[in-house]
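See below for the structure under consideration.
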Amino acid sequence: MKNPNYYAIIMAGGVGSRFWPLSKAYYPKQFHDILGAGETLIERTFGRLSQTVPADNVLVLTNENYKALVNEQLPQVKDENIVLEPAMRNTAPCILLAALKIYKANPDGVMIVAPSDHWIENESAFLTDLETAFKACETDISEEKLLVTLGIEPTFPHTGYGYIQYASGDSAIKNVKAFKEKPDYATAKQFLAAGNYSWNAGIFIWSAKAIIEAFEKYLPELYALFNSGYEDLNTEKEEAFIQEHYEQAENISIDYGILE
Numbered sequence: 001m002k003n004p005n006y007y008a009i010i011m012a013g014g015v016g017s018r019f020w021p022l023s024k025a026y027y028p029k030q031f032h033d034i035l036g037a038g039e040t041l042i043e044r045t046f047g048r049l050s051q052t053v054p055a056d057n058v059l060v061l062t063n064e065n066y067k068a069l070v071n072e073q074l075p076q077v078k079d080e081n082i083v084l085e086p087a088m089r090n091t092a093p094c095i096l097l098a099a100l101k102i103y104k105a106n107p108d109g110v111m112i113v114a115p116s117d118h119w120i121e122n123e124s125a126f127l128t129d130l131e132t133a134f135k136a137c138e139t140d141i142s143e144e145k146l147l148v149t150l151g152i153e154p155t156f157p158h159t160g161y162g163y164i165q166y167a168s169g170d171s172a173i174k175n176v177k178a179f180k181e182k183p184d185y186a187t188a189k190q191f192l193a194a195g196n197y198s199w200n201a202g203i204f205i206w207s208a209k210a211i212i213e214a215f216e217k218y219l220p221e222l223y224a225l226f227n228s229g230y231e232d233l234n235t236e237k238e239e240a241f242i243q244e245h246y247e248q249a250e251n252i253s254i255d256y257g258i259l260e
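Numbers 1 to 260, taken from UniProt numbering, label the letters of the sequence shown in order.
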């Protein structure tokens, strides 16, 4: 039986400009079967995450232009679990909104935030690491609550990813020392040689409570803006609240606003 406290947030609002002309603004890459695998990237993402997370606990964050595509490709996701952004405000605002929705529904909720357009070859290893992270966040009682990011072991000096520098140790979950911007080739080679860098895949795991507290501490204005509509979340008033307030949110990434 899957843990009812586990939730997944699929980030599906990007326009996929790097894959133009295959990926267009009106039909971005997450809705394509780019590798000819018989399923689109977002379908694959849902299938992967729903092996650990109950299907009813999967939320999709996207924009109004893509709702029909989400409905078509992910009929398993209820309309109330599709959060439509009326304006592009980067990743921090939509993640906070999702965390507040989850916390209101289940104060013990633990969530993974994952892009909709990743192809993960070794899904078994991914799911093992995901379960490790979920359990660590669910049982965490520390004052500085765990915020976990999944790193990918680099296989070559990639210049298209940011990197995570981590502290050495035997634990499966390691302390982050620094987040590094996308490097040039020479710097990427140095990262690989050092042996304690991973690719930053933009995949995060934390309890809803932990990330909400982090927003309250590091982005208090954004927290106050969305928390003002807390009672409207998960009700018929939610959509009107989002329409009225979302554009007022700061345009900021979760990496820059919280994690770094």
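Where a beta carbon is used, it is the ideal one built from N, C-alpha and C, also for glycine. What you are looking at is a predicted structure, and each value in this text was computed from that prediction instead of being measured.
- Boundaries of the beta strand (DSSP E) around residue 63: 58-63.
- Per DSSP, residue 115 is one residue of the beta strand (DSSP E) stretching across 110-115.
- Under DSSP, residue 162 shares a beta bridge with 200.
- Between residue 131 and residue 52 the beta-carbon gap is near 6 Å, inside 8 Å, which marks them as a contact.
- If you draw a straight line from the Cα of residue 232 to the Cα of residue 241, it comes to about 7 Å.
- A straight-line Cα-Cα distance of about 13 Å links residue 97 and residue 248.
- Your pair residue 257 and residue 218 checks out as a contact, with CB atoms roughly 6 Å apart and the cut at 8 Å.
- An exposed status is given to residue 108, since fewer than 16 other beta-carbon atoms sit within 10 Å of its beta-carbon.
- Counting along the chain, the unbroken beta strand (DSSP E) around residue 151 starts and ends at 147-152.
- Uninterrupted beta strand (DSSP E) stretches at least 3 residues long and entirely within the segment 38-99 occur at 58-63, 82-85, given in chain order.
- When DSSP reads this structure, residue 179 sits in a beta bridge with 164.
- Non-local beta-carbon contacts of residue 134 in its own chain, meaning distances under 8 Å to residues more than five positions away in sequence, involve 3, 6, 52, 110, 112, 205 in chain order.
- Checking the DSSP bridge columns, you'll see residue 119 has no partner listed.
- Straight-line measurement puts the Cα of residue 42 at about 10 Å from the Cα of residue 114.
- Selection 93, 56, 31 evaluated against residue 212 yields 93 as nearest (Cα-Cα).
- Put simply, the segment 178-185 does not touch the segment 74-91. Fewer than three CB pairs are less than 8 Å apart.
- By DSSP's assignment, residue 207 forms a beta bridge with 110.
- Following the DSSP letters along the chain, one finds residue 240 inside the alpha helix (DSSP H) bounded by residues 238-245.
- As DSSP reads the structure, residue 11 sits in a beta bridge with 61, 115.
- Its Cα nearest to that of residue 13, the residue 95 stands out among 144, 100, 95.
- In this chain, the alpha helix (DSSP H) harbouring residue 227 covers 220-227.
- With contacts defined as CB atoms closer than 9 Å, residue 165 and residue 148 fail to qualify as a contacting pair.
- Proximity to residue 226 across 163, 119, 250 peaks at 250, based on C-alpha coordinates.
- The beta carbon of residue 244 sits closer than 6 Å to none of the beta carbons in its chain outside the five residues before and after it.
- Looking at the DSSP output, residue 6 shares a beta bridge with 110.
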